[in-house]
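Those protein sequence lines, which keep their order, are chains D and B.
Residues 4 to 812 in this note's numbering are what the first sequence lists, from first letter to last.
Residues 43 to 342 in this note's numbering are what the second sequence lists, from first letter to last.
C-beta atoms are modelled at their ideal positions from N, C-alpha and C, and glycine is treated no differently.
To start, the structure under review is shown below, and the notes come after it.
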Amino acid sequence: MTNHWVDIRNADLVLIMGGNAAEAHPCGFKWVTEAKAHNKARLIVVDPRFTRSAAIADYYAPIRTGTDIVFLGAVINYLLTNDKIQHEYVRNYTDLSFIVKEGFAFEQGLFSGYDAQARKYDKSSWDYELGDDGYVRTDPTFAHPRCVYNLLKQHYSRYTPEMVERICGTVQEKFLHIAEQIASTATTDRAMTIMYALGWTQHSVGSQMIRCAAMVQLLLGNIGIAGGGMNALRGHSNIQGFTDLGLLSNLLPGYLTLPGEKEQDYAKYIAARAPRPLRPNQLSYWQNYSKFHVSLMKAWWGDAATAQNDWGYEWLPKLDKAYDLLLAIELMNQGKMNGYICQGFNPLAAAPNKAKAIAGFSQLKYLIVMDPLATETSEFWRNHGEHNDVDPTKIQTEVFRLPTSLFAEEDGAFVNSGRWLQWHWKGAEPPGEARSDLEIMAGLFTRIRKLYQSEGGAYPDPIVKLAWPYANPDSPTADELAKEYSGRALKDLPDPKDPTRIIRKAGEQLAGFAELRDDGSTVSGCWIFCGAWGPTGNLMARRDNSDPTGIGNTLNWAWAWPANRRVLYNRASCDAGGKPFNPARKLVGWNGAAWGGADVPDYKADEDPANGMGPFIMLPEGVARLFARDAMNEGPFPEHYEPFETPLAANPLNPDQPLALNNPIARVFQGDREAFGKSDRFPHVATTYRLTEHFHYWTKHVELNAILQPEQFVEIGEALAKEIGVAAGERVRVTSNRGYITAVAMVTKRIKALRVDGKTVHTVGIPIHWGFTGTAKTGFLANTLTPVVGDGNSQTPEFKSFLVRVEKA
Amino acid sequence: MALQSLDIVRRSATTIPAPQARGATAGAVAKLIDVSKCIGCKACQVACMEWNDLRDEIGSCVGTYTNPPDLSDQSWTLMRFTEYENPKGDLEWLIRKDGCMHCADPGCLKACPSPGAIVQYANGIVDFHEENCIGCGYCITGCPFNVPRISKKDHKAYKCTLCSDRVAVGLEPACVKACPTGAIVFGSKTDMQRHAADRVEDLKSRGFDQAGLYDPSGVGGTHVMYVLHHADQPQLYADLPKDPQISAFVKVWKGISKPLALLGIAAAALTGFLHYVGIGPNETTREDEEAARRELEKPS
């Protein structure tokens, strides 16, 4: 989230699209009801199904799954055509006036630089034009044909209300009503928040959907303000912490990135990540990258990381490609990956195309499952009848099941969607043989290190040199790790302005990442968490909910990254002179000497706004990008591509370019492409989702949850039910080109057949919570049906749009 | 909320006068369920089962989100989901938390023939004391909302207690505490009516002209009330009765039939008395006694 849960109550308009907050985030959803009850906010829901969120919305519109960019692109078109943009904001805080390089082009759904063979772009033309001074050329009058404003306008001129009706199946009248409501927040006294979740991420163009919505928010001046923002609702209680700590295969903690295999030179690695400002007097905060990186390397390799060895740069893996889940399972199938450790992860249920996952796991030599529950993954080899029809005699994989404790059985911090690190305390002892994940991983590490120390190996250095400073090496404590990721001084730190003054003594915890150095004198395991356990102690454990300004920021409740800041980009809530756009919802402001207010300013604290520093300090431009440059793989402007399994034969936006039917750069492995189905045999559009009554594949192990939703079902509209002759409560068989499931049919008015490009499209809703282990009635894993293709940037699987055939079972 | 006394103001099948020295100084309590804020998450169902030590069966999906499919001795509250297409053609998903309404004039209590099986406290809560329940099921007949359920295990009637045990010590009912959206609130009945008025005004500003409070007078008002978007059509919400009344059977049973029965008893007594006064007591002769003795001594 750019903002946080409580802040949603400050909104005047709430758009829930690409998510179902009431269903999947009922506790956080209370802030929507707060906004409605106390702020007279209106709630709009756009979703293929009339959801629990829609049940209490003021306005609902249906949309065909996978077509959100058409809808959002048409909103951009509406805002530009009707001049419903926040002028002062877009002029000063976005790149709308920036001039784009000659050579940038867009034609028939493809941007300049496409290589059809490699399914990749040469992105060199996707950039701004630089002047002789090294800065981007701009045209504040927006007259230049290649300024971002005109390119944007031109790109989205094709996204009309007619096109929305034709592609999304949303009737124009409903689209226009919503566009009008959204446009009403272009004024400085109205704010819209957008809440989304996996309904946007789990598409082959998911990242671009989210980006498109962010562009809408930028045009309206809704980023950085109270009640605004792009608010990703994270699923697992600590999934935000998962990404923050860099557990994705291409990341390092704090969104630092692993080097690629061509980046063997440390100085070049740093330089590529510490860009010079693209406009005069911009902060370009990533110029501090080396301070964060060196402090991380000191946390990992301690005294062994020195200036002489480039802080252990050689020991960092250099990626040839990103090792995401889809690739891992492909490599297992190719026999190139033969061991796998699942820590709090049930990939048999979570990876697309269960049959491919089974085939992959069956080729492993060993599979280790660390989990509090007996997951399907740990039983992939066992025959569970129709629900898991495998032959155990043909599977040689050795499976180790290591029972772990649950969160309530250990101390630690959760990072919530609003980036708050909230400390929690152990409430009970783990049962039986269960151990904490920390203890298991530490036990594995110390044993592996011993093997390397005694027997050597191909490359022992990164393992044997790893710093392991914990009191009990086999069981580090949560406190020790928290202090480490927050960070401390290794030497006395002199004040850079007055070297005779020491600001931190050696050994002292640091107050924040501004104190980090790249000379090896500081350590911090995750720079964005720096200060969470500061000189005064564990700030994550704070529980003071006082809110003196009434804006809901509660700065003494827990601790938010970065720097305890509650609303990112909050400098943008003020005009160019530093006065709040909306005095009634003031976050920060300039008092003539310093920035301050109800939040920690996201800006240089003593920067006079007259100097023109932009509010988006992490970017070298200092302003937000409507033109993404090379940051996205599909192109600088989001373009609609159909899901890989689509009911349409052509992309109505680019009918004559077959390469632009689906995401032209999405990675598809050969076998997976062959496993895609076509609409002639699989005429129904399916989408998977979660229910309030359950949490993923866990709570089917819990009696109370099983009572509330005991048995697997799928949702179909009344028209489809009639067509296939099924009544509510009867069983249906749902088949994709990869497998089938059977389930109870829930026949509902909440899913309507849509009229799309001249044909009728039926949507089938498939909740995911059942499987072959647990207390609830056993069922099929929903991913038996799903296709293997990921988002073009994140490789998140396309679980929200695929094709099936529904029949009476 | 203050601590509540559990002084009983009404007790089934009992004529002993209720204690009156203490009043419910904090006033009657009420739970307000704002249907327009409810997302049907069923947290209330879980809280109810957990607080009251209930576990319903792990049943089946019958093609609806309502699960378990009905109230039972183990499910004292339940979300009922109704899909309604309004005259404009727009869909509404009406989700109503069903359970005991705690009527001011409780039909169950009136119908109950077992002394002390059903009581009403000074704070308005209607409670079942199962140790006194004989399982006759008259409370079901007496309830205009079809709420009590007889357990198959012990043949006694069960329903929501409005967490009388929690309320007595100044806590809100478990469902209220669990509700994530504030759709269920609890307090004095007057405070809840005031809160409801605000909510109704808000709903009217959103185009629900017929929004209103459900506090039906046919049962003397209730201590569980609803805010409805369509207060003119409560039956849309899974057949919530528009004008609930205590059933005719109970009215006859405790209405006309009770004085009639009393009259019958009194008439019999009077006849006996008149017979005694007019004719004198019945007496037996020696011959009668002898005949009776012989009859008894006959070998069989």
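Below 9 angstroms on C-beta distance, what does residue i contact in chain B?
i: D:Gly732; result: Ser102, Cys103, Val104, Gly105 and Thr106
i: D:Gln712; result: Lys84, Cys103, Tyr107 and Asn109
Should residue i be labelled buried (16 or more other beta-carbon atoms within 10 Å of its own) or exposed?
i: D:Thr309; result: exposed
i: D:Ser549; result: exposed
i: D:Gln157; result: exposed
i: B:Cys83; result: buried
i: D:Glu518; result: buried
i: D:Asn23; result: buried
i: D:Gly777; result: buried
i: D:Ala189; result: buried
i: D:Leu75; result: buried
i: B:Glu127; result: exposed
i: D:Pro713; result: buried
i: D:Cys30; result: exposed
Nearest to residue i by alpha carbon, out of the options?
i: D:Asn349; options: D:Leu370, D:Glu333, D:Met335 and D:Glu401; result: D:Leu370
i: D:Ala627; options: D:Val208, D:Asp15 and D:Leu99; result: D:Leu99
i: D:Thr745; options: D:Gly732, D:Ile754 and D:Lys752; result: D:Gly732
i: D:Glu511; options: D:Thr480, D:Phe532, D:Ser489 and D:His765; result: D:Ser489
i: B:Cys103; options: D:Arg734, D:Asp482 and D:Asp522; result: D:Arg734
i: D:Pro655; options: D:Ala812, D:Ala58, D:Gly761 and D:Gln366; result: D:Gly761
i: D:Ser115; options: D:Pro667, D:Trp562, D:Trp304 and D:Arg569; result: D:Pro667
i: D:Ile344; options: D:Asp374, D:Gln337 and D:Asp135; result: D:Asp374
i: B:Ala210; options: B:Val292, B:Leu312, B:His265 and B:Asn165; result: B:Asn165
i: D:Val809; options: D:Thr763, D:Ser797, D:Lys752 and D:Ser739; result: D:Ser739
i: B:Ser114; options: B:Arg241, B:Arg52, B:Gly65 and B:Ser193; result: B:Ser193
i: D:Thr68; options: D:Gly774, D:Lys33 and D:Phe805; result: D:Phe805
Can you give me the C-alpha to C-alpha distance between residue i and residue j, rounded to a whole angstrom?
i: B:Trp118; j: B:Lys201; result: 5 angstroms
i: B:Met43; j: D:Phe245; result: For B:Met43, the predicted model reports a pLDDT of 49, less than 50, meaning its position is unreliable; a value from the coordinates is still stated below. About 42 angstroms.
i: D:Arg279; j: D:Gln285; result: 9 angstroms
i: D:Leu513; j: D:Arg214; result: 35 angstroms
i: D:Ile443; j: D:Ser381; result: 17 angstroms
i: D:Ile771; j: D:Phe364; result: 21 angstroms
i: D:Ala1; j: D:Ile59; result: Outside the displayed range of chain D (4 to 812) lies residue 1 of chain D, so it cannot be described from this structure.
i: D:Pro565; j: D:Arg422; result: 8 angstroms
i: B:Glu6; j: B:His317; result: Outside the shown range of chain B (43 to 342) lies residue 6 of chain B, about which nothing can therefore be said.
i: D:Leu154; j: D:Pro65; result: 30 angstroms
i: D:Val93; j: D:Lys780; result: 54 angstroms
i: D:Ala358; j: D:Arg741; result: 7 angstroms
i: D:Met166; j: B:Gly254; result: 41 angstroms
i: D:Arg546; j: D:Ala474; result: 29 angstroms
i: D:Gln267; j: D:Lys321; result: 8 angstroms
Mind listing the chain D neighbours of residue i? Cutoff is C-beta to C-beta under 8 angstroms, in chain order.
i: B:Ser114; result: What B:Ser114 touches in chain D: nothing, since even the nearest Cβ is about 11 angstroms away.
i: B:Asp244; result: Lys39, Ala40 and Lys43
i: B:Met91; result: Leu707 and Ile710
Give the interface partners of residue i over in chain B, defined as CB-CB distance under 8 angstroms, in chain order.
i: D:Val49; result: Within 8 angstroms Cβ-Cβ: nothing; D:Val49 doesn't reach chain B, min ~14 angstroms.
i: D:Thr751; result: Glu125
i: D:Glu706; result: Arg97 and Ile100
i: D:Pro29; result: Ile81, Cys83, Ala85, Pro222 and Thr223
Name the chain B residues whose beta carbon is nearer than 7 angstroms to that of residue i?
i: D:Lys271; result: Result: empty, since nearest Cβ-Cβ is about 51 angstroms, beyond 7 angstroms.
i: D:Thr503; result: Simply none; closest approach about 56 angstroms.
i: D:Arg55; result: Ile81 and Gly82
i: D:Glu696; result: Lys84
i: D:Phe716; result: Cys103
Listing by chain order, which chain D residues have their CB less than 9 angstroms from the CB of residue i?
i: B:Gly224; result: Lys33, Thr36, Glu37 and Ala40
What does residue i reach in chain D if we use C-beta pairs closer than 7 angstroms?
i: B:Arg248; result: Asp61
i: B:Ser78; result: Ile59
Curious, which full-length beta strand (DSSP E) runs of at least 3 residues does the region 210-248 of chain B contain?
Listed in chain order, they are 226-230.
Give, in chain order, every unbroken run of the beta strand (DSSP E) that is at least 3 residues long and sits entirely within the region 24-63 of chain D.
Listed in chain order, the complete beta strand (DSSP E) runs (minimum 3 residues) inside the region 24-63 of chain D are 45-49.
Any beta strand (DSSP E) of 3 or more consecutive residues that is wholly inside the region 58-134 of chain D:
Runs found: 62-64.
Length at least 3, wholly inside the region 744-808 of chain D: the beta strand (DSSP E) runs in chain order
Note on the region 744-808 of chain D: whole beta strand (DSSP E) runs with a minimum of 3 residues are 757-759, 762-764 and 766-770, in chain order.
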